[in-house]
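I have placed the structure first, in the form of structure tokens, so that the comments after it can refer back to it.
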Amino acid sequence: KMVIYDKPYFTGKSRTITSSMRDFMTRTDSQQTTFMYSVGSLKVLGGIWVGFEKEGYRGHQYLLEEGEYHDWRVWGGCDSELRSVRVIRADLNDPLLVMFELPEDEDEGEGEQEGTTFEVTEAIPDVELFNYKTNTRSIHVLSGAWVAYSHVDFSGNQYILEKGFYNNCADWGSQDNRICSLQPILMAHGSQVLNEVFDRNQDAVPEKLLTKSCRVSGGSWVIYEEKNYSGSLYVLSEGDYPNLSSMGCPSSFTIHSVKAVAVVREQPYRKITVFSPEWSLNSHLSSVQTFTVPSISLFSLECLEGREITTETEITSMVEEGFNNHILSVRVNSGCWVICEHSNYRGRQFFLEPIEITNWLKFSSLQTVGSLFPVRQLISTMSLQVMGNIEPGSKAILWSETRQPVQTWTTQIKGLINSVTFPGMVLDVKGTNPGLRRGSNESATCKTATNFLFSCSSGGKTYDKDHVVIMPENEERPSQQWEIELL
Numbered sequence: 004k005m006v007i008y009d010k011p012y013f014t015g016k017s018r019t020i021t022s023s024m025r026d027f028m029t030r031t032d033s034q035q036t037t038f039m040y041s042v043g044s045l046k047v048l049g050g051i052w053v054g055f056e057k058e059g060y061r062g063h064q065y066l067l068e069e070g071e072y073h074d075w076r077v078w079g080g081c082d083s084e085l086r087s088v089r090v091i092r093a094d095l096n097d098p099l100l101v102m103f104e105l106p107e108d109e110d111e112g113e114g115e116q117e118g119t120t121f122e123v124t125e126a127i128p129d130v131e132l133f134n135y136k137t138n139t140r141s142i143h144v145l146s147g148a149w150v151a152y153s154h155v156d157f158s159g160n161q162y163i164l165e166k167g168f169y170n171n172c173a174d175w176g177s178q179d180n181r182i183c184s185l186q187p188i189l190m191a192h193g194s195q196v197l198n199e200v201f202d203r204n205q206d207a208v209p210e211k212l213l214t215k216s217c218r219v220s221g222g223s224w225v226i227y228e229e230k231n232y233s234g235s236l237y238v239l240s241e242g243d244y245p246n247l248s249s250m251g252c253p254s255s256f257t258i259h260s261v262k263a264v265a266v267v268r269e270q271p272y273r274k275i276t277v278f279s280p281e282w283s284l285n286s287h288l289s290s291v292q293t294f295t296v297p298s299i300s301l302f303s304l305e306c307l308e309g310r311e312i313t314t315e316t317e318i319t320s321m322v323e324e325g326f327n328n329h330i331l332s333v334r335v336n337s338g339c340w341v342i343c344e345h346s347n348y349r350g351r352q353f354f355l356e357p358i359e360i361t362n363w364l365k366f367s368s369l370q371t372v373g374s375l376f377p378v379r380q381l382i383s384t385m386s387l388q389v390m391g392n393i394e395p396g397s398k399a400i401l402w403s404e405t406r407q408p409v410q411t412w413t414t415q416i417k418g419l420i421n422s423v424t425f426p427g428m429v430l431d432v433k434g435t436n437p438g439l440r441r442g443s444n445e446s447a448t449c450k451t452a453t454n455f456l457f458s459c460s461s462g463g464k465t466y467d468k469d470h471v472v473i474m475p476e477n478e479e480r481p482s483q484q485w486e487i488e489l490l
């Protein structure tokens with residue numbers, strides 16, 4: 004967020020902008036009456052910006068960080084003109100760029116020569132101290148955001164470099180190839196920005212945390228407007244969300260609770276029947292899995308009657324796909340689904356696990372469905388298998404599912420681990436004798452197929468030190484208990 008003024012010392016006409024603007028003379032809406040030819044002073048209230056001398060992001064460049072700039076000298080301007088600004092959107096962690104030197108012979112008509120490359124990960128006050136000439140042919144920014152300078156010690160003309168390839172000096176906004184110093188843009192450790200890391204459900208997000216952006220590092224999460232997982236909700240999959248709009252939320256939305264979408268679990272198939280003015284909930288009708296092949300059915304009449312639309316894939320727009328978007332009841336057959344108020348996954352969202360909703364209007368207050376999509380889990384592509392015969396020293400390896408399996412393990416919802424090699428047998432990790440037992444009866448006695456089959460340890464002490472191999476059972480060698488994570 005930035006507030007600009009047409010006169011120095013924050014006087015005159017003002018204007019608040021929250022996104023890149025190629026020309027301050029541009030009218031932003033029909034009610035806009037404030038026009039500015041140039042900027043006399045400004046306040047950066049949030050974010051990192053690049054200011055440009057001319058409209059259309061041209062001319063001299065100036066890095067604008069959070070703070071107040073009472074006139075053009077404070078931001079290091081060459082003159083009083085500042086006609087356009089752009090927001091820098093970049094991950095500022097682990098900055099890295101590569102500079103390609105311009106060979107001296109290249110300008111003498113001898114063709115393109117192989118020049119020196121210079122990999123930079125930190126601030127460089129003078130590139131010549133690192134045996135690199137000041138003439139640069141091209142720059143490849145691999146990560147982060149950088150400021151390059153035409154003179155040493157971070158002085159002279161500035162060139163703001165974001166992730167990407169700059170083929171020549173014109174690409175980074177210069178009239179010549181001279182770059183003498185450069186430094187990465189780093190996030191200040193003393194920043195007062197509050198952040199929290201959640202790895203489990205939070206029925207009440209701390210009041211002091213007014214979330215404006217987030218990053219989902221793993222799984223899918225549901226954010227709620229009210230505490231205890233109530234109110235309007237939005238579903239977020241893995242990725243970066245720099246603002247509320249990218250999350251699909253209105254600007255007034257406040258996150259008060261968050262819940263992770265369960266990966267695999269067995270749950271009752273719920274049915275909701277709505278009787279005005281009360282709801283009746285009947286459960287334990289049947290047992291389903293949350294994550295299977297996703298399927299949902301939409302009905303034109305109440306009580307799951309009338310025209311039925313069943314899909315196993317996302318629908319970005321019910322109308323554009325040729326469907327009537329007037330829906331009165333919904334049944335989630337399998338998987339987890341998100342139903343959105345408008346097309347292209349906009350508007351209010353409803354997160355649904357396997358359920359029957361006999362009156363969609365009373366459940367959601369919506370007469371139509373704009374779009375919908377399933378929350379998917381990652382497909383498993385590897386399995387733990389044993390190479391060769393099952394004997395002491397045999398390697399247990401991860402093997403692609405596309406290969407012919409030698410020994411494959413499967414898991415059940417109840418937590419049992421089945422051996423494909425020995426049908427009807429499951430791995431028993433209880434007691435003092437690890438081995439196989441028959442899985443048909445919960446109380447069956449443990450039977451060991453061999454005396455070495457499931458007592459495992461690591462491999463050798465060099466390249467194979469992290470290998471998993473089959474070893475004989477030995478009281479002096481501790482057995483290992485495996486924790487299986489479903490990803």
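With the working numbering applied, the sequence shown closes on residue 490, and no number is skipped along the way. All C-beta atoms, glycine included, are put in the ideal place defined by N, C-alpha and C. These numbers come from a predicted model, not from an experiment.
Three-state secondary structure assigned by DSSP to residue i
i	result
K16	strand
V341	strand
F133	helix
F376	strand
Y348	helix
S364	In the sequence on display, residue 364 carries Leu and not Ser. L364 falls in the helix class under three-state DSSP.
M24	strand
A173	helix
S41	coil
S223	coil
V409	Only weak support exists for where V409 lies, its pLDDT of 43 falling under 50; the value from the coordinates is given anyway. In this structure, V409 counts as coil in the three-state DSSP scheme.
V77	coil
S233	strand
S320	coil
P11	coil
S443	Here S443 scores only 42 on pLDDT, less than 50, and its place in the model should not be relied on; the value that follows carries that caveat. Reduced to three states, the DSSP call for S443 is coil.
G462	Confidence at G462 is low in this model, with a pLDDT of 48, below 50, so the placement of that residue should be treated as unreliable; the coordinate-derived value is given next. In the structure shown, G462 sits in coil (DSSP, three-state: anything other than H, G, I, E or B).
Per DSSP, the bridge partner or partners of residue i
i	result
S300	T313, R334
F103	T120, S141
F55	Q64, S87
C217	Y244
V6	T19, K46
T257	Answer by DSSP bridge pairing: none, since T257 is not bridged.
G167	V144
Y72	L45
E479	Answer by DSSP bridge pairing: none, since E479 is not bridged.
L185	I127, A151
S158	H154
A263	W224
F353	I342
V238	V225
E308	L304
Q205	V261
Rounded distance between the beta-carbons of residue j and residue i, thought under 8 Å
i	j	result
V47	M5	5 Å
N336	S298	4 Å
G147	L99	7 Å
I188	I20	Not really, about 20 Å apart at Cβ, beyond 8 Å.
D206	S260	5 Å
Within-7 Å CB hit, residue i to chain B
i	result
E479	Among the chains of the structure shown, chain B does not appear; only one protein chain is present.
Where the beta strand (DSSP E) through residue i begins and ends
i	result
H154	149-154
P209	No beta strand (DSSP E) contains P209, which DSSP labels as neither H nor E.
L189	No beta strand (DSSP E) contains L189, which DSSP labels as neither H nor E.
Residue i CB to nearest heavy atom of the ligand PLP below 6 Å
i	result
D97	With respect to the ligand PLP, the structure offers nothing, as it holds no ligand at all.
Stretch-stretch touch, CB-based, cutoff 8 Å, three pairs: the segment 12-21 with the segment 145-153: Judged by Cβ distances under 8 Å, the segment 12-21 makes no contact with the segment 145-153, as fewer than three pairs qualify.
The segment 167-187 touching the segment 124-140, judged by at least three CB pairs closer than 8 Å: yes
The segment 234-252 in contact with the segment 362-374 per 3-pair CB rule at 8 Å: no
Touching by the beta-carbon criterion (3+ pairs, under 8 Å), the segment 246-263 and the segment 203-215: In short, these stretches touch, since the Cβ pair count reaches three.
Contact between the segment 300-309 and the segment 349-363 (3+ Cβ pairs under 8 Å): Contact annotation: the segment 300-309 touches the segment 349-363, with at least three C-beta pairs closer than 8 Å.
Contact between the segment 168-177 and the segment 197-212 (3+ Cβ pairs under 8 Å): no
At least three beta-carbon pairs within less than 8 Å, the segment 239-246 to the segment 344-353: no
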